[in-house]
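Read the structure below first, then the notes.
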Amino acid sequence: MPPDKNVYYKKYDIDVFDVLQEQIEHFSNLGTVAVIGDLNGRVGREKDFIEGDSLNKQLIDNIQFVDYISDNCLRDRITEDVKAPNSFGRRILELCKSSGLRICNGRYGVDSGKITFQNKNGSSLIDYLLMSHDSIDYLIKQLSVKDFNTYSCHAPLNIEIRIKGFKIVNEKCTCSKFVYNTVRWDEGVKDDIMSDLLENSQKFDDLLLHLTEHENKIDECVDELNKLLITICEQYTRVEVKKVNKCGFCVDNNIASTKKPVFKLDKPWITENCKTLRRQYISALKVFNEKRTNENRIKFNIAKQKYKQTEMRLKRQYKNQQGNMLNRLRRNNPKKFFRKFKRTRNNNLNSITLEQFQVHFQKLVSGYTHNENENQKESIQNVFEELDAPFTENELSYGIRQLKRDKTPGFDSILNEYLITGKAALTQVLC
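Heads up, the sequence shown is in the UniProt record's numbering, so the first residue is 1 and it goes up one at a time.
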C-alpha cells in the first residue's frame with residue numbers, strides 16, 4: 001500500500017482503505033479473510049477492538065431480535081513499536097473495529113511483535129497479518145518476523161497456518177537416481193589413443209582385406225571400422241554420469257543436493273575497496289539483527305549507504321568507460337563495433353509434438369511405392385568415373401582440418417577428436 005501523502009493519491013482520487021473495506025466485506029461472505037503485507041501504518045499499542053463492547057445478558061435473553069456479536073478482546077498484543085499511531089495507523093485500527101479483523105502481530109509467536117521496517121530515519125512495525133477474530137485461534141499456528149536482509153528494508157513475515165484435512169502425500173524422499181555413460185575428450189589421453197591405434201593396425205588391415213574380397217559388403221565393413229575405432233577410443237573418453245530426479249518432497253522442502261556450489265564472478269566494476277565496504281555492510285546487518293538498538297540501526301545504515309554509493313559510482317564510471325570505448329570503435333573499427341551488437345540466435349521452440357510429426361510424414365510416404373529392383377538398376381547405371389577413385393592423403397588431411405573440436409558426436413558416436421588425433425594411423429586405412 002502506498003504511504004501517506006504519496007503522489008499516488010494526488011494522481012488517483014481514491015481512498016485505499018475504503019476499497020479494502022469493500023473487499024473485506026465481499027470476501028467475508030465466502031470464508032475467512034486475511035490481509036497480509038505492508039500497510040504503511042503504525043498502530044503502536046492502541047486497541048484494535050472496541051473496549052467494553054457487550055450487552056446486558058438479561059437484555060439479550062428477553063429480546064429475541066437482538067442479534068449482535070460483541071467485539072471480544074483477544075490476548076494482549078506485545079510490540080517493539082511503542083510510538084503513537086500515525087494517520088494510516090488510525091485507519092488500520094478503524095478498519096479492524098469495523099470489519100472484525102484483528103492484528104496478529106505480537107499476539108502469536110515469540111518474535112511476532114518485532115519491528116518490520118527500518119531505514120536511516122527510524123524503525124517501525126508496518127507489515128501486518130490481519131485476520132477474522134473468530135478464525136485466528138484455530139488457523140494461526142505460528143507467526144514470526146524474520147531477520148532483515150540485503151534485498152529490502154522490510155523484514156519478511158513467516159506465517160504457519162493450520163489447514164484442516166490437508167495431508168502431505170510425500171512424507172519422505174523418493175528421489176530416483178540413474179547412471180548413464182557419455183564421452184568427454186581429454187587432451188591428456190591423446191598419446192595413449194594414438195599408441196593404441198598403431199598397435200591395432202593389423203585389425204584395420206584385416207578389415208581392408210575383407211572389404212577387398214567382399215565389395216558388396218561395404219556397409220558391414222564400415223560398421224566394423226566404426227566399432228573398432230570407438231572401442232579403442234572410448235576406453236579413454238568414456239565417463240560415468242550420475243543424475244538425480246528430485247521428488248516432490250525434496251522440491252517442496254528445498255532440500256539441497258550434493259551438487260557443488262556455483263561461484264559467481266564479481267561484476268566488472270567491483271573493486272577491492274567496494275568488497276571491503278560490502279563486508280562491513282553485511283557485518284553491520286548481522287549485528288543489527290542480533291540486537292535491534294537505535295545505535296546499531298544507525299551504524300548499519302551508514303555502512304549500507306557507503307557501500308551503495310561506492311557501488312553506484314563505480315558502476316557509473318564503468319558504463320561511461322564502456323560507452324567511450326564503443327564510441328571509439330564506431331569511428332575507428334566499425335567491423336568490431338557491429339560485432340559487439342551481433343544478434344543472438346532466435347531459438348523458437350515449435351509446438352509440434354512428436355506424434356504430429358510422425359503422422360505428418362506417414363501421410364507423405366503412404367502413397368509412395370518402393371521398387372528395389374529399379375533402384376538397383378539406376379544405382380548400377382549411375383557411375384561417375386571422376387568420383388570412382390580412392391581417397392588421397394591430401395583429401396583426407398583437408399577433410400580432417402575442417403573438423404571442429406568440442407562438438408557433439410553424430411549418430412555414429414565418433415568424436416571429431418578421434419579423427420584429428422588418429423590421423424596418422426587412419427591414413428593408412430582410409431587411403
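Ideal Cβ placement from N, Cα and C applies to all residues, glycine included.
Check                                                                                                          : Outcome
Met-312 (DSSP reduced to helix, strand or coil)                                                                : helix
Assigned exposure category for Arg-328 - 16 Cβ within 10 Å defines buried                                      : exposed
Ile-159: first and last residue of the uninterrupted beta strand (DSSP E) it sits in                           : 157–161
Ile-218 in three-state terms, based on DSSP                                                                    : helix
Cβ-based neighbour list, Asn-119, same chain, cut-off 7 Å, excluding 5 preceding and 5 following               : Cys-153, Asn-301
Residues near Val-189 by beta carbon distance below 6 Å, same chain, minus five either side                    : Tyr-236
Nearest candidate by alpha-carbon position, reference Ile-193, set Leu-211, Lys-319, Arg-238                   : Arg-238
Proximity of Thr-421 and Leu-396 at Cβ, strictly below 7 Å                                                     : no
Beta bridge counterpart(s) of Val-179 as assigned by DSSP                                                      : Lys-242
Through-space distance from Asp-134 to Ile-140, alpha-carbon basis                                             : 11 Å
Alpha carbon of Arg-292 to alpha carbon of Asn-158, nearest angstrom                                           : 19 Å
Strand pairing of Ile-140, partner residues [DSSP]                                                             : Ile-161
Candidates Lys-217, Leu-208, Glu-46: closest to Leu-228 by CA position                                         : Leu-208
Limits of the alpha helix (DSSP H) - the one that Phe-357 falls within                                         : 354–365
Outcome for Gly-109 when other beta-carbon atoms lying within 10 angstroms are tallied against a minimum of 16 : buried
Burial state of Asp-205 (16 or more Cβ within 10 Å)                                                            : exposed
N- and C-terminal bounds of the alpha helix (DSSP H) containing Ala-284                                        : 272–290
Beta-carbon gap between Leu-101 and Leu-130 smaller than 7 Å                                                   : yes
Nearest-angstrom Cα separation, counted from Tyr-9 out to Leu-93                                               : 21 Å
With 16 other Cβ atoms within 10 Å as the buried cut-off, status of Lys-304                                    : buried
C-alpha distance - Thr-344 paired with Asp-186, whole-angstrom precision                                       : Note on Thr-344: pLDDT 48, under 50, position unreliable in the model; the coordinate value appears next. Rounded to the nearest angstrom, the two C-alpha atoms are 30 Å apart.
Ser-201 - DSSP class collapsed to helix/strand/coil                                                            : helix
Residue closest to Arg-77, alpha-carbon to alpha-carbon, out of Glu-46, Gly-89, Cys-96                         : Glu-46
Alpha-carbon to alpha-carbon, Lys-172 and Glu-160                                                              : 21 Å
Cα-Cα separation between Leu-197 and Glu-215, rounded to whole angstroms                                       : 25 Å
Close beta carbons around Lys-308, own chain, < 6 Å, minus the five adjacent residues each side                : none
Same chain, Cβ closer than 7 Å to Lys-146, five either side skipped, listed in chain order                     : Ala-155, Pro-156, Asn-158
Segment contact flag, the region 174–181 with the region 316–328, C-beta cutoff 8 Å, min 3 pairs               : no
For Ser-132 and Cys-247, the rounded distance between their alpha carbons                                      : 36 Å
Three-state secondary structure assigned by DSSP to Asn-119                                                    : strand
Neighbour-count burial assignment, Thr-79, 16 or more Cβ in a 10 Å radius                                      : buried
CB contact flag (Ser-413, Ile-230, <7 Å)                                                                       : yes
Where Leu-101 sits in the DSSP three-state scheme                                                              : strand
Alpha carbon of Leu-125 to alpha carbon of Asp-266, nearest angstrom                                           : 35 Å
Rounded straight-line distance, which links the Cα of Lys-340 to that of Phe-117                               : 44 Å
Coarse secondary structure for Ser-87, derived from DSSP in three states                                       : helix
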